[in-house]
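Colleague: Would you mind keeping the following structure in view while I ask a few things?
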Amino acid sequence: MAFPGKSSRETAPSTVVRSVDEARAQYANRPGAKKYPHVFNPIEIRGRVYRNRLIAAPTMFFHAAYFIPEIRENIYRMVEVRAKGGFGCVATGELPLNFEEGRGAFMDRAIDVRHFYGSDFDSAKEYADRIHAGGALAYLEVSHEGLEADDAAEPWGPDDFVREDGRHVFGMDRQMMEKVCRDFFQVGRFAAAAGFDGVLLHGGHGFLIQQFVSPLFNHRTDEFGGSIENRSRFPKMALRALRAGMGEDMVLELRMSAEDGEKGGMTLEDSCGFAEQIDGLVDIFHVSNGIKKLGNRGDTFSDIFDPHGVNLERAAAIKAHLHKSLVAVVGGFNSVAQAEDAIAEGKADFVECARQCFADPDFIEKTLDGRENMVHRCVRCFHCYPGFCEHPTDIPLWYQLPPEEFMKIYSPAVMGDCSINPNSGLGYYPDRLPKPQARRNVLVVGGGVGGMQAAITAARRGHKVTLAEKGERLGGVLLFAEHDHDKREWMDFERVLERELAESGTTVELHTRVDENYLRAKSPDYVILAVGAHNRTCPLPGAERAMDAADTFFHMDQIGHSVVIAGGGLTACETALNLAAAGHEVTIVARKPRLTPSTFGYYRNALLDEMDRRGIKQFLSTCPLAFTDEGLVCEKATDEKGTPGGERLVVSADTYVYSFGMDPNSDEVERLTRAAEAVGAKVTNVGNSKAAGIVRDAVHGGDQAAMSIL
1 MAFPGKSSRE TAPSTVVRSV DEARAQYANR PGAKKYPHVF NPIEIRGRVY RNRLIAAPTM
61 FFHAAYFIPE IRENIYRMVE VRAKGGFGCV ATGELPLNFE EGRGAFMDRA IDVRHFYGSD
121 FDSAKEYADR IHAGGALAYL EVSHEGLEAD DAAEPWGPDD FVREDGRHVF GMDRQMMEKV
181 CRDFFQVGRF AAAAGFDGVL LHGGHGFLIQ QFVSPLFNHR TDEFGGSIEN RSRFPKMALR
241 ALRAGMGEDM VLELRMSAED GEKGGMTLED SCGFAEQIDG LVDIFHVSNG IKKLGNRGDT
301 FSDIFDPHGV NLERAAAIKA HLHKSLVAVV GGFNSVAQAE DAIAEGKADF VECARQCFAD
361 PDFIEKTLDG RENMVHRCVR CFHCYPGFCE HPTDIPLWYQ LPPEEFMKIY SPAVMGDCSI
421 NPNSGLGYYP DRLPKPQARR NVLVVGGGVG GMQAAITAAR RGHKVTLAEK GERLGGVLLF
481 AEHDHDKREW MDFERVLERE LAESGTTVEL HTRVDENYLR AKSPDYVILA VGAHNRTCPL
541 PGAERAMDAA DTFFHMDQIG HSVVIAGGGL TACETALNLA AAGHEVTIVA RKPRLTPSTF
601 GYYRNALLDE MDRRGIKQFL STCPLAFTDE GLVCEKATDE KGTPGGERLV VSADTYVYSF
661 GMDPNSDEVE RLTRAAEAVG AKVTNVGNSK AAGIVRDAVH GGDQAAMSIL
């Protein structure tokens, strides 16, 4: 296929394999390929060779590279490192089909897809070139959100109606359908000209294609509504138009949800019927689930309470109805072993990973080298993509926080920031930071995740590093995860850090209390303090009758059948879940009208939904006053601040627990800072000892403290 004009930039050298035999030869002596033969079994589709069956699913927006200059290079590197990390194919984020009724978020103008030269074309070509340079095939993802296109001047969908937010949605007539199909044709030509190997059409998550298939959105009585054959008619028009633009030598993959996840919506039976209708029109049927507004509640994003491969059985059901098209599945896969099982069992032909790419873009190469035990496996904490306010008790953060604080969470410039990968995060370029001028003597005090990460990074940068930990084990606060029913993968992360620490050459000294004599003997140039935080004591009378929430994880044998927890924050909720999972009858007493109000988005959805599923009782707007022989004495709150003064009640149980937060070990920090400065060392404080917070802050803080040592 020939295209007018040419790019104004040179094409990067490609390392994409050109035959199945060439791909097999590359894997011939790799231990991981022998261990996982189904994953590392190359396949050719329309002349394009997938070196393995792992695809890097789309994350972020394609057009972010156009409109957000400060993260442009990050966006390109995001796909580049995934290709270099070993994926068979890498997809860009979504490109909205047009600037009219399909306009997406953060679009300042239309992207020119009609000319195959100029800056817009070059920006697209940059994606394909970087992916190819890493040895993977490249997809351009395109989407049309239909009636959900909030940024469009006039959203269009299958039906004419007024949305809940008051926006008028226009029902698509034949003229608009043909206009959209012309746009699909044109974007197909654009993708081909820019050097992509395929197009991933995002039709799922409640977007336009799914809207036509789903009886939740499509109530038409003409030839585009009613039977599954009719509801498939417009999607087939769109697919044929896209294929005509792409040509016959590119791969067409369609992402679809298996189910809507709402009453009256598209079911798995509908999806299987739709699959039969389009069998052969697409090369790969990519199975996801849910609709965008439900987030993790419809399995669009799997959470810690979901099995890995949450959509696998749905994919298997759809695969049984396809004879020409192959099947890919996405949903919580964070290891090659999981993908191997899925493919070996015949439930899918490809496995796609998204958040795992943030956690460790090199996990495939590590697996191929026989180093699976060094993989950072995604813990599904939702820090990289927090979601919005889907839970009925949520209050939008733009009401809770000042604008500058809100944008720290929801700006596209901070999405993709991973709790367990310190090199993640848009706007961060570690290779551009100054290199150390000399090998420094570095002492890290504290063996939690922040201290371990600081030591690992400092050692990798060539410094002589000692880590001193006063306890008998590394891990710090995160050691609770070893006993948490839902958070075992956090413990897996801690153990990976221990292995990285050993591999880095860091000297680890356990049972070591650091004081001025120790510091004088070590004579460090730099001291990084990571001495953690302590649980707040219980201020309630009768506290001796109760147990700190953090202690429950280590003393489960001391806990009776019924448990009452005073406190409604995140730790209280997670403690309640762990106890309920172990068979205890749990009640939470919270002063405020909302549980864990500082948590938000998808993680909060998952947390509260799981609390309901496990039968945890909740007394909200209820102030705990005292622990007595009769039970926890409480009073109903008289306002949203949790002021007591209402009806009095007593909640009884076999065991009482309290959870009132943590405070940094500031006294220890002050003591060690004085001692370190007395011997001429420069001091940095990180993690919980700086401010009681989350794992992400400790990991990134430790890394950045080490990076600053020159």
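In full-length UniProt numbering, the protein residues as written are 1 to 710. All C-beta atoms in this analysis are idealised placements derived from N, C-alpha and C, irrespective of residue type, glycine included.
#1: Nearest to residue 717 by alpha carbon, out of Gly-198, Asp-122, Ile-364 and Tyr-602?
#2: Report the partner residues of residue 713 according to the DSSP bridge assignment.
#3: Please report the straight-line C-alpha distance between His-323 and Pro-396, rounded to a whole angstrom.
#4: Which residue comes first and which comes last in the beta strand (DSSP E) that contains His-202?
#5: Under the three-state reduction of DSSP, which class applies to Ile-209: helix, strand or coil?
#6: Rounded to whole angstroms, what's the CA-CA distance from Ala-455 to Lys-125? Just pull it up for me.
#7: What are the start and end residues of the beta strand (DSSP E) that includes Ser-143?
#8: Under three-state DSSP, which class holds Ser-14?
#9: Using the beta-carbon count (16 or more within 10 Å), is Asn-605 buried or exposed?
#10: Does the pairing of the region 671–686 with the region 421–434 give three or more beta-carbon distances under 8 angstroms?
#11: For a test of the three-state rule: what should DSSP assign to Phe-285, helix, strand or coil?
#12: Scan the region 325–406 and note each continuous alpha helix (DSSP H) run of 4 residues or more that stays entirely inside, going in chain order.
#13: What are the uninterrupted segments assigned as beta strand (DSSP E) that are 3 or more residues long and contained completely in the region 92–163, given in chain order?
#14: Using DSSP's beta-bridge definition, name the partner residues of Pro-644.
#15: Alpha carbon to alpha carbon, how far is Ala-328 from Gly-280? Give it in angstroms, no decimals.
#16: Can you tell me where the alpha helix (DSSP H) holding Ser-666 begins and where it ends?
#17: So Ser-424 packs on Phe-358, CB below 8 angstroms; how close in whole Å?
#18: So residue 754 is in the alpha helix (DSSP H); what residue range does that whole segment cover?
#19: Between Gln-356 and Asn-334, what straight-line distance do the alpha-carbon atoms span, to the nearest angstrom?
#20: Please name the residue or residues paired with Phe-170 in a DSSP beta bridge.
#21: Below 8 angstroms on the Cβ atoms is my contact criterion, and I expect Ala-23 with Arg-46 to pass it. Report the Cβ-Cβ distance as a whole number of Å.
#22: Candidates Gly-567, Ala-581 and Thr-599: which alpha carbon is nearest Ala-626's?
#23: Apart from the five residues on each side of it in sequence, which residues of its chain come closer than 6 angstroms, Cβ to Cβ, to Lys-487?
#24: Can you list, in chain order, the residues of its chain with a C-beta nearer than 7 angstroms to that of Ala-342? Leave out the 5 residues immediately preceding and following it.
#25: Curious, which full-length beta strand (DSSP E) runs of at least 3 residues does the region 209–268 contain?
#26: Assign Pro-392 to one of two classes, buried (16 or more other C-beta atoms within 10 Å of its C-beta) or exposed (fewer than that).
#27: Under the rule that 16 or more other beta-carbon atoms within 10 Å means buried, what is Val-445, buried or exposed?
#28: Taking the beta carbon of Gly-5 as the centre, do at least 16 other beta carbons fall within 10 Å, making it buried, or is it exposed?
#29: Report the rounded CA-to-CA distance for Val-564 versus Glu-647, giving the unit in angstroms.
#30: At which residues does the beta strand (DSSP E) containing Tyr-658 begin and terminate?
#31: Below 8 angstroms on the Cβ atoms is my guess for Gly-416 versus Thr-59; work out the distance and round it to an integer in Å.
#32: To which residues of the same chain is Ala-2 closer than 8 angstroms at the C-beta, ignoring the five residues directly before and after it?
#33: Going by other Cβ atoms of all chains shown within 10 Å of its Cβ, with 16 needed for buried, is Thr-638 buried or exposed?
#34: What do you get for Ser-7, buried or exposed, if any count of 16 or more other CB atoms within 10 angstroms of its CB means buried?
#35: Measuring CA to CA, which of Thr-457, Tyr-399 and Arg-439 is closest to Asn-421?
#36: Please decide whether Gly-646 counts as near chain C, where near means a Cβ-Cβ distance under 7 angstroms.
Modeller: Let me lay it out:
#1: The chain is shown from 1 up to 710; residue 717 falls before or after that span and cannot be answered.
#2: Within the shown structure, residues of the chain are numbered from 1 to 710, placing residue 713 beyond reach of any answer.
#3: Translated into positions along the sequence shown, residue 323 becomes position 323. Translated into positions along the sequence shown, residue 396 becomes position 396. When rounded, the distance between both Cα atoms is 46 angstroms.
#4: Taking the sequence shown and counting its residues from 1, one reaches residue 202 at position 202. It spans 198–202 - the beta strand (DSSP E) in which His-202 sits, taken as one unbroken run.
#5: Residue mapping note: residue 209 aligns to position 209 of the sequence shown, counting from 1. Three-state result, Ile-209: helix.
#6: Translated into the one-based positions of the sequence shown, residue 455 becomes position 455. Translated into the one-based positions of the sequence shown, residue 125 becomes position 125. The straight-line gap from Cα to Cα measures roughly 40 angstroms.
#7: In the sequence shown, counting from the first residue as 1, residue 143 sits at position 143. Looking at the DSSP string, the run of the beta strand (DSSP E) that includes Ser-143 is 137–143.
#8: Taking the first residue of the sequence shown as 1, we reach residue 14 at position 14. Three-state result, Ser-14: coil.
#9: Taking the first residue of the sequence shown as 1, we reach residue 605 at position 605. Buried, since its Cβ has 16 or more Cβ neighbours within 10 Å.
#10: no
#11: Along the sequence shown, one-based indexing puts residue 285 at 285. Three-state DSSP puts Phe-285 in a strand.
#12: 336–344, 355–359, 363–368 and 397–400
#13: 137–143
#14: Counting from 1 along the sequence shown, the entry for residue 644 is found at position 644. Paired residue(s): Ala-637.
#15: For the purposes of this step, residue 280 is taken as residue 280 along the sequence shown, with counting starting at 1. For the purposes of this step, residue 328 is taken as residue 328 along the sequence shown, with counting starting at 1. For Gly-280 and Ala-328, the distance between alpha carbons rounds to 15 angstroms.
#16: By 1-based counting over the sequence shown, the position of residue 666 is 666. That run of the alpha helix (DSSP H) goes 666–678.
#17: One-based indexing of the sequence shown puts residue 424 at position 424. One-based indexing of the sequence shown puts residue 358 at position 358. Between Phe-358 and Ser-424 the Cβ distance is about 5 angstroms, and since that is below 8 angstroms, they are a contact.
#18: Missing from the structure shown is residue 754; the chain here goes from 1 to 710 and no further.
#19: Here residue 356 refers to the residue found at position 356 when the sequence shown is read from its first residue. Here residue 334 refers to the residue found at position 334 when the sequence shown is read from its first residue. About 5 angstroms.
#20: Indexing the sequence shown from 1 puts residue 170 at position 170. Trp-156.
#21: Working through the sequence shown from its first residue, we reach residue 23 at position 23. Working through the sequence shown from its first residue, we reach residue 46 at position 46. Their Cβ separation, rounded to whole angstroms, is 16 angstroms, which puts Ala-23 and Arg-46 out of contact at 8 angstroms.
#22: Here residue 626 refers to the residue found at position 626 of the sequence shown. Nearest C-alpha to Ala-626: Gly-567.
#23: The residue given as residue 487 occupies position 487 in the sequence shown. These residues qualify, in order along the chain: Ala-481.
#24: The count along the sequence shown starts at 1 and reaches residue 342 at position 342. Once the five neighbours on either side are set aside, the close Cβ partners of Ala-342 are Gly-309, Leu-312, Val-329, Ala-348 and Val-351.
#25: 251–257
#26: Numbered from 1 along the sequence shown, position 392 holds the residue referred to as residue 392. So Pro-392 counts as exposed.
#27: Sequence index remark: in the sequence shown, residue 445 carries index 445 (1-based). Buried, by the Cβ-count rule.
#28: On the sequence shown, position 5 is the one that residue 5 refers to. Confidence at Gly-5 is low in this model, with a pLDDT of 38, below 50, so the placement of that residue should be treated as unreliable; the coordinate-derived value is given next. With fewer than 16 Cβ atoms within 10 Å of its Cβ, Gly-5 is classed as exposed.
#29: Mapped onto the sequence shown, residue 564 falls at position 564. Mapped onto the sequence shown, residue 647 falls at position 647. Roughly 19 angstroms between the two C-alpha positions.
#30: Here residue 658 refers to the residue found at position 658 of the sequence shown. Segment 655–658, the beta strand (DSSP E) holding Tyr-658.
#31: What you label residue 416 is simply residue 416 of the sequence shown in a count that begins at 1. What you label residue 59 is simply residue 59 of the sequence shown in a count that begins at 1. Right, the Cβ-Cβ distance comes to about 7 angstroms (below 8 angstroms), so this counts as a contact.
#32: Here the question's residue 2 lines up with position 2 in the sequence shown. Interpretation of Ala-2 is limited by its pLDDT of 32, a score under 50 that renders its predicted location unreliable; no figure is taken from the coordinates.
#33: Sequence index remark: in the sequence shown, residue 638 carries index 638 (1-based). Flag for Thr-638 reads exposed.
#34: Taking the first residue of the sequence shown as position 1, residue 7 is located at position 7. With a pLDDT of only 40 at Ser-7, under the threshold of 50, the placement of this residue in the model should not be trusted; the figure read from the coordinates follows. When all chains shown are included, Ser-7 counts as buried.
#35: Position 421 of the sequence shown, counting from 1, holds the residue named residue 421. For Asn-421, the nearest C-alpha among the options comes from Thr-457.
#36: Here chain C cannot be found, since the structure has a single protein chain.
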